[in-house]
Structure formats: structure tokens, C-alpha cells
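Counting from 1 along the sequence shown, just add 3 to a position and that's the residue number in my numbering.
Notes for the one structure printed next.
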Amino acid sequence: MSRFHLCIIMLLLLLPGYVQAQEPEVKLRSWGLGLKSITAWYNTHDVFGKEILPETGIDEYGSGMEFTLSRRLGDRFLLGGQFVGSVFGVQDREEEILRLEAQFTGTVLFRERETLQPFLRGGVGVGFDLVKSHSNEGEVTAYGTSALFSGGLQVRVSSRLSLELEAASTFINFLEVIDSTVDDLGPDESWRVRDSSWGWRLGIGATLWL
């Protein structure tokens with residue numbers, strides 16, 4: 004975990020007392036836009052049905068960003084979507100792996116009118132693994148269905164701003180691979196796969212309420 008993430012966690016622990024003293028009244032707003040910095044780990048990237056990259060040479064941890072859009076339904080339920088991208092380097096190779104996930108999510112907030120708001124979140128959607136070379140055009144892309152389950156804590160700074168810490172478990176069931184590096188003038192090569200990958204990610208960021 005980076006120093007940046009540790010500093011944010013300390014801030015989350017110190018803010019509640021200050022916020023309660025400064026803004027005792029609670030106004031729940033309807034729309035939320037969130038942005039997080041994430042650290043991710045996955046059990047495997049060997050999901051392409053053939054040897055594309057050496058599994059042992061891939062970085063164990065990746066980093067990236069998460070964007071969320073949510074709509075409040077009632078006081079404690081949020082319906083929305085999230086888009087996540089994380090990058091994993093490959094040792095002694097020009098390629099890197101980009102994992103993308105897009106999911107529809109439902110979130111249940113607890114103590115929704117308090118400063119500290121624990122939550123549970125679940126979602127389903129699609130996931131991708133892209134192998135991209137810095138020297139060649141095209142990429143190899145595996146895609147399939149995805150799911151997540153997460154829990155975390157929101158800290159209300161004001162009626163318009165919340166900080167958020169989230170720990171998520173994710174799963175992707177890969178179904179097909181498309182290789183666009185074979186021949187730029189011809190059709191892309193594709194084949195079916197039946198591989199899966201699971202992992203976790205830790206995200207720290209903020210949500211702007213509108």
C-alpha cells in the first residue's frame with residue numbers, strides 16, 4: 004500500500020469529529036460522481052487460451068482508477084454504474100496488461116444520515132483483459148461477464164462531498180479472445196475460451212453529490 008493511501012486512511016479516521024461539529028444538519032442529495040485511486044491483485048492473467056505472455060513475469064499488483072455514477076433511491080439505497088481500469092506491467096517485456104471492468108451496481112448505506120456511513124455493494128457487468136505492446140499496433144483482448152461484491156466506508160465531509168474507502172472482491176468469466184495483431188489488413192482472429200479470474204482491489208477516493 005502506498006504512502007498516499009495511508010495518508011488518506013488517516014484522514015478518514017480524523018475527519019468525523021470535525022465534520023460533526025461543523026455541519027450538524029444532513030441534506031441527502033440525489034446524484035453522486037465518484038473517483039478513486041485503486042490498487043488491484045488478480046489470481047491469474049492466463050485467460051487467453053494460448054500462451055500470450057509468461058504468467059510468472061507479470062507484476063503481482065496493478066494500479067489504476069475507478070469512476071462511479073450513482074443515483075440515490077430513498078435514503079439508503081444507491082443505484083449506479085462503475086468503470087474501473089488497472090494496469091499491470093510485464094517484466095523485461097514491452098507489453099502491459101490493462102484490465103477493464105464496467106458494472107451496474109447497487110449499494111446499501113448504513114447510518115446514512117451520520118458522518119460515518121458503512122456500506123455494502125454488489126454488481127454485475129463485463130470485464131476485459133487487453134495485452135498491449137508499445138511497439139506494435141493492435142492488441143489481444145479477452146472479454147467476458149463479471150461480478151463484484153464489496154464493502155467500505157463513506158465519510159460525509161459536507162452535503163456535497165464524501166470520502167470513500169472500498170475493499171472489493173471481483174470475478175470475471177472469460178468467454179472469447181480477439182487478436183487484432185495478426186494482420187492489420189485482414190480480419191481479426193478470434194477464438195472461444197472458458198477461463199476465469201478472481202481478485203481484489205482497494206480503492207480510496209471521493210464522491211461529489213449533486
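Each residue gets a CB set at the ideal place from its N, CA and C atoms; glycine is no exception.
| task | Leaving aside the five residues before and after Arg79 along the sequence, list all residues of the same chain whose C-beta is less than 8 Å from its C-beta, in chain order. | result | Here residue 79 refers to the residue found at position 76 when the sequence shown is read from its first residue. Excluding positions up to five away in sequence, the list reads Val111, Leu112, Phe113 and Glu115.
**Study point:** Spatial distance of Tyr153 from Ser162 (CA atoms)
**Key:** Start at 1 with the first residue of the sequence shown, and residue 153 comes out as number 150. Start at 1 with the first residue of the sequence shown, and residue 162 comes out as number 159. The residue asked about is misnamed: residue 153 is Ser in this sequence, not Tyr. Looking at the two C-alpha atoms, the distance is approximately 24 Å.
Exercise. Is the Cβ-Cβ distance between Tyr146 and Gly128 less than 9 Å?
Worked result: Locating residue 146 in the sequence shown gives position 143, counting from the first residue. Locating residue 128 in the sequence shown gives position 125, counting from the first residue. Their beta carbons are not under 9 Å apart, which means Tyr146 does not touch Gly128 by this criterion.
Comparing C-alpha positions only, which one of Ala171, Trp201 and Ser183 sits nearest to Gln85? In the sequence shown, the residue the question calls residue 85 occupies position 82. Across the set Ala171, Trp201 and Ser183, the C-alpha of Ala171 shows the shortest separation from the C-alpha of Gln85.
_I'd like the list of long-range same chain contacts for Glu179, defined as Cβ closer than 8 Å, with 5 residues on each side in sequence excluded._
Here the question's residue 179 lines up with position 176 in the sequence shown. Setting aside the 5 residues that flank it on each side, Glu179 is surrounded in the same chain by Ala145, Tyr146, Gly147, Ser193, Trp194, Arg195 and Val196, each with a C-beta closer than 8 Å to its C-beta; the list follows chain order.
_Taking the straight line between their C-alpha atoms, what separation do you get for Leu119 and Gly92?_
As a working mapping, residue 119 is identified with position 116 in the sequence shown. As a working mapping, residue 92 is identified with position 89 in the sequence shown. Answer to the nearest angstrom: the Cα atoms are 36 Å apart.
Can you round the beta-carbon distance between Val134 and Leu56 to whole angstroms, since I take them to be within the 8 Å contact cut?
-> Position 131 of the sequence shown, counting from 1, holds the residue named residue 134. Position 53 of the sequence shown, counting from 1, holds the residue named residue 56. Sure, about 6 Å apart at Cβ, within 8 Å.
What would DSSP say about Gly126, mapped onto helix, strand or coil?
For the purposes of this step, residue 126 is identified with residue 123 of the sequence shown, where counting begins at 1. Residue state, collapsed to three classes: strand.
**Any beta strand (DSSP E) of 3 or more consecutive residues that is wholly inside the segment 65–115** = 80–92 and 98–112
Next item on the list: Would you grab the beta carbon distance between Asn46 and Ser200 for me? Rounded to a whole angstrom, and I think it's under 8 Å.
Entry: Within the sequence shown, numbered from 1, the residue matching residue 46 stands at position 43. Within the sequence shown, numbered from 1, the residue matching residue 200 stands at position 197. That pair is a contact at about 6 Å.
Exposed unless 16 or more other CB atoms sit within 10 angstroms - verdict on Arg102:
Sequence index remark: in the sequence shown, residue 102 carries index 99 (1-based). Buried, by the Cβ-count rule.
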